[in-house]
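Numbering (our numbering), first residue to last: 4 to 102.
Note that the Cβ used here is the ideal one computed from N, Cα and C, for glycine as well.
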């Protein structure tokens, strides 16, 4: 399942607040165009589509269309914020620590 980093959850909450999105809104991940080459698109939505997988962390919801699930299943959604620019990235989930 997709994991969401603290930086990404904060960035999503900030984007939703800045866009004055209603309660229950989130960021949706979909396949871009025909889905060739594994390209993904993100957008802000007022709610999930009926078939979307929903991942919520610290008040930040991400809606994932079923066709995109295989591309994000073992990933971590991260964000890098610099001034007024937010860059989202999908990173590999690390192996469990042996602590």
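Could you tell me the boundaries of the beta strand (DSSP E) in which residue 81 lies?
For the purposes of this step, residue 81 is taken as the residue at position 78 of the chain shown. Element bounds for residue 81: 78–85.
Counting C-beta neighbours from all protein chains within 10 Å, is the total for residue 12 16 or more, i.e. buried, or is it exposed?
As a first step, residue 12 must be located in the chain shown, where it is residue number 9. Its Cβ being crowded by 16 or more others within 10 Å, residue 12 is buried.
Comparing alpha-carbon positions, which option in 77, 20 and 60 lies nearest residue 48?
Along the chain shown, read from residue 1 onward, the residue named residue 48 stands at position 45. That would be 20, whose Cα lies nearest to the Cα of residue 48.
With a cut-off of 8 Å on the beta carbons, I'd call residue 14 and residue 89 a contact; round off their distance for me.
As a first step, residue 14 must be located in the chain shown, where it is residue number 11. As a first step, residue 89 must be located in the chain shown, where it is residue number 86. With 8 Å as the limit, residue 14 and residue 89 qualify as a contact, their Cβ atoms being about 5 Å apart.
Per-residue DSSP class, three states only, for residue 29:
For the purposes of this step, residue 29 is taken as the residue at position 26 of the chain shown. It is a strand residue.
Under 8 Å between C-beta atoms of residue 4 and residue 58:
Translated into positions along the chain shown, residue 4 becomes position 1. Translated into positions along the chain shown, residue 58 becomes position 55. Cβ distance < 8 Å, so residue 4 and residue 58 count as in contact.
Identify which residue in 26, 86, 41 and 16 has its Cα closest to the Cα of residue 71.
Indexing the chain shown from 1 puts residue 71 at position 68. Nearest of 26, 86, 41 and 16 to residue 71, Cα basis: 41.
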